[in-house]
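Report on the structure given below.
2 protein chains.
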Amino acid sequence: MRLSKKTDYALRVLFTLVEHHGRGPIPIRELARRNDVPKRFLEHIMLEMKARGWVDSSPGKQGGYVLAKEPARITMGEVIRQFDGVLAPIGCVSVAHYERCNQEAVCRFRRILLDARNYVARLMDRATLAMVFLGAPVQTREVFAQEFSAGDGI
Amino acid sequence: MRLSKKTDYALRVLFTLVEHHGRGPIPIRELARRNDVPKRFLEHIMLEMKARGWVDSSPGKQGGYVLAKEPARITMGEVIRQFDGVLAPIGCVSVAHYERCNQEAVCRFRRILLDARNYVARLMDRATLAMVFLGAPVQTREVFAQEFSAGDGI
DNA sequence: TAATCTACGACTAAATCAATCGTATTTCAT
DNA sequence: ATGAAATACGATTGATTTAGTCGTAGATTA
């Protein structure tokens, strides 16, 4: 059930870039220092984020990284899926990477894992960097309760 | 965010034992076959569950494993914590295994991870084997919403 | 007394994680 | 021009975790 260091580091850095949005590039050295992330490790993470189009880079003096998308258009769910591969606790309740399980027909606890998966996925997919940065409530339980009682089956 | 095979296997077997509760021991061989779990691997899992007092064993012919506690007194949360160690997505929001993070004061996304952790922990800690076996609703979102608006801080 | 169980430590193969290193390439201030 | 400062990126590594297997000892009972 754990988040990898990569995801943790990526999120830390993204929020630093959100904070600095529109005020020029920040070099990896600085991103690493400010977020307590190993610099050489961060290089790979930044590359991956650039490939995803979340950040952009410029080399040379005065170079560094900037956010390439609006903070409201990147979600924590995307970041976690990028670096951890999957959000669901087990393959048989994953939407993005469903894996058939031959016990599925008789499994008693799949419902519960699906419940957990659904809550977390909704939460993370609504958590845009912009909202989280501002500390705005991402998902009130009231809203979630309404949606749920509207029914989403299994 | 993933459940280990050990936890998955342990849960499968526990529900088989719940189903058979009060009708004598089932040998590992049978538990393994019915739940599609490697038998030699399951031995270790059963030992660990015996140490926790969830199951009891008898050797010899007609031997095997039985549930040692009422199904209403074992929760999925306990099982997951036993085999996966922790329920929280990251150390800084774990109750059972809290780890200090020096970014905590400035971290923007801790709230969200805490929200996820709280929902999942509540869900799993309420999910007794008895209720899950019966397919009874473990945690209505309405109830959760009320509790939340009552306030639980960070 | 032999078949059938559990008990339990030793071992291992493979995957994943969390990096580090070397080096190439691009850019820009001077 | 040129050198300092930055990104680009593949190769490698060490540690840990995962997911088992194996051998054998010991208990029970038909």
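Protein sequence lines, in the order shown, are assigned to chains R and V.
Residues in the first sequence are numbered from 310 upward in steps of one, following the numbering used here.
Residues in the second sequence are numbered from 310 upward in steps of one, following the numbering used here.
Using N, Cα and C, we set each Cβ at its ideal position, and we do this for glycine too.
When DSSP states are grouped into helix, strand and coil, Y374(V) belongs to the strand group. The beta-carbon of F418(V) is placed less than 7 angstroms from the nearest beta-carbon of chain R. Membership of D365(R) in the beta strand (DSSP E) is indicated by the continuous run V364 to S367. At a cut-off of 7 angstroms, the C-beta of A341(V) has no neighbouring C-beta in chain R.
Counting only Cβ-Cβ distances below 7 angstroms, Q412(R) has contacts in chain V at R321, N344 and D345, in chain order.
Classified as exposed, N411(V) has fewer than 16 neighbouring CB atoms from the shown chains inside 10 Å of its CB. With 16 or more other CB atoms across the displayed protein chains lying within 10 angstroms of its CB, S403(R) is buried. Leaving aside the five residues that flank M310(R) on each side, the residues in its chain whose CB is nearer than 8 angstroms to its CB run, in chain order, P398.
Bounds of any alpha helix (DSSP H) do not take in M310(R), whose DSSP letter is neither H nor E. Neighbourhood of L432(V) in chain R, by CB distance below 9 angstroms: I421, D424, A425 and Y428, in chain order. Using a CB distance cut-off of 7 angstroms, F350(V) does not count as an interface residue toward chain R. Burial state of L443(R) is exposed, judged by a 10 Å Cβ sphere holding fewer than 16 other Cβ atoms.
Residues of the same chain with a CB within less than 8 angstroms of the CB of I337(R), apart from the 5 flanking positions on each side, are K348, L351, E352, M355, G373 and Y374 in chain order. Within the region 392 to 403 of chain V, those residues whose Cβ lies closer than 8 angstroms to any Cβ of chain R are, in chain order, D393, V395, L396, A397, P398 and I399. Note that the region 357 to 368 of chain R does not touch the region 413 to 429 of chain R; fewer than 3 beta-carbon pairs, one per stretch, sit closer than 8 angstroms. Under the three-state reduction of DSSP, I399(V) is assigned to coil, being neither helix nor strand.
Annotation: the continuous alpha helix (DSSP H) that includes A430(V) extends over R419 to R435. Within chain V, the residues whose beta carbon sits less than 8 angstroms from that of L312(R) are M310, P398, I399 and L422, listed in sequence order.
The DSSP assignment places complete alpha helix (DSSP H) segments of no fewer than 4 residues inside the region 331 to 358 of chain V at 337 to 344, in order along the chain. Non-local C-beta neighbours of R390(V) in its own chain, meaning closer than 7 angstroms and more than five positions away in sequence, comprise L396 and A405, ordered along the chain. Here the alpha carbons of M385(R) and T325(V) stand approximately 38 angstroms from one another.
Residue burial is scored here from C-beta neighbours: V322(V) has at least 16 other C-beta atoms within 10 angstroms and is therefore classed as buried. At a cut-off of 7 angstroms between C-beta atoms, A439(R) does not count as an interface residue with respect to chain V. In this structure V447(V) does not touch A430(V) by the C-beta definition: roughly 13 angstroms separates them, more than the 8 angstroms allowed. Ranked by Cα distance from R426(V), the first of R361(V), E379(V) and C401(V) is C401(V). Taking 7 angstroms as the cut-off, the Cβ atoms of V346(V) and L438(V) do not count as close.
Using a Cβ-Cβ cut-off of 9 angstroms, A445(R) is close to nothing in chain V; its nearest Cβ partner there is about 10 angstroms away. For A436(R), a Cβ of chain V is located within less than 7 angstroms of the residue's own Cβ.
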